[in-house]
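Quick mapping for you: the protein sequence lines, in order, are chains A and B. Take the first sequence: its letters are residues 204 to 213, numbered as in the working numbering. Take the second sequence: its letters are residues 2 to 213, numbered as in the working numbering.
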Amino acid sequence: EDAETGHDEL
Amino acid sequence: MNIFRLAGDMTHMFSVLVLLLKIHTIKSCAGVSVKTQELYAIVFATRYLDIFTSFVSIYNTFMKLVFLGSSFSIVWYMRYHKAVHRTYDREQDTFRHWFLVLSCLLLALLIHEKFTFLEVLWTFSLYLEAVAILPQLVLLQRTRNIDNLTGQYIFLLGGYRGLYILNWIYRYFTEPHFVHWITWITGLVQTLLYADFFYYYFLSWKNNKKLN
Numbered sequence: 204e205d206a207e208t209g210h211d212e213l
Numbered sequence: 002m003n004i005f006r007l008a009g010d011m012t013h014m015f016s017v018l019v020l021l022l023k024i025h026t027i028k029s030c031a032g033v034s035v036k037t038q039e040l041y042a043i044v045f046a047t048r049y050l051d052i053f054t055s056f057v058s059i060y061n062t063f064m065k066l067v068f069l070g071s072s073f074s075i076v077w078y079m080r081y082h083k084a085v086h087r088t089y090d091r092e093q094d095t096f097r098h099w100f101l102v103l104s105c106l107l108l109a110l111l112i113h114e115k116f117t118f119l120e121v122l123w124t125f126s127l128y129l130e131a132v133a134i135l136p137q138l139v140l141l142q143r144t145r146n147i148d149n150l151t152g153q154y155i156f157l158l159g160g161y162r163g164l165y166i167l168n169w170i171y172r173y174f175t176e177p178h179f180v181h182w183i184t185w186i187t188g189l190v191q192t193l194l195y196a197d198f199f200y201y202y203f204l205s206w207k208n209n210k211k212l213n
């Protein structure tokens with residue numbers, strides 16, 4: 204679920 | 002996704018929807034700091050820039066739109082809706098919040114994980130979110146009273162941040178390389194800012210008297 208930017212949290 | 006993070010996101014969503022509903026229903030923003038709302042709008046605008054470039058999940062995109070929409074709607078109501086704007090307490094809401102924006106921007110240029118445009122703005126949004134509640138807490142102390150919805154708003158915001166800390170602890174123990182110092186430290190600072198508010202909120206609830 205990790206986006207490439209590594210920011211998967213809101 | 003874990004239960005702490007889901008509960009945290011739901012609590013966060015309720016905090017902004019409760020506030021938006023209050024302002025829309027009673028057409029008043031008495032006791033609410035528009036500066037805190039502007040800071041939150043900037044936090045979401047700078048953190049969710051990747052909404053179009055990196056897709057995480059339907060949930061993620063949906064929640065980003067909810068936070069962007071609600072925070073900008075609240076600012077619009079308080080600034081441009083005639084009836085609501087009349088109830089805005091301009092004399093008391095005097096926190097110089099642009100200094101907060103500037104200092105968070107400088108700090109993000111100094112301390113970040115990667116020096117890219119999106120990453121620096123994302124880090125800036127974390128620092129700004131940690132201090133965004135300050136104008137509201139100062140206004141609260143000045144007006145010395147709090148109608149229950151504004152209290153609930155701050156209470157839910159603090160709850161969301163507390164749940165996120167549990168989420169980070171959970172992820173630290175379940176995901177091998179999950180280490181994000183900047184996120185953790187800013188999240189902790191933000192939660193500590195709420196600590197004294199929680200103390201007085203609990204006291205007023207326990208003694209069943211108005212919070213002051």
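Positions of the beta carbon are idealized from the N, C-alpha and C atoms, including for glycine. Computed from a prediction, not measured in an experiment: that's the story for all the values here.
query: Rounded separation between H113(B) and W99(B) - CA only; result: 21 Å
query: Local Cβ density within 10 Å of S16(B), reported as buried at 16 or more and exposed below that; result: buried
query: Proximity below 7 Å, CB of T37(B) to CB of G160(B); result: no
query: Beta-carbon gap between V44(B) and E130(B) smaller than 7 Å; result: yes
query: M79(B) - containing alpha helix (DSSP H), residue span; result: 59 to 81
query: CA-to-CA distance, Y171(B) to R6(B), given in whole angstroms; result: 10 Å
query: N208(B) in three-state terms, based on DSSP; result: coil
query: Secondary structure of N3(B), DSSP reduced to three states; result: coil
query: Buried or exposed by the 16-neighbour rule on C-beta atoms within 10 Å, applied to P136(B); result: buried
query: Distance between Q142(B) and D197(B) (C-alpha atoms, nearest Å); result: 12 Å
query: Contact under 7 Å by Cβ, L108(B) with Y128(B); result: yes
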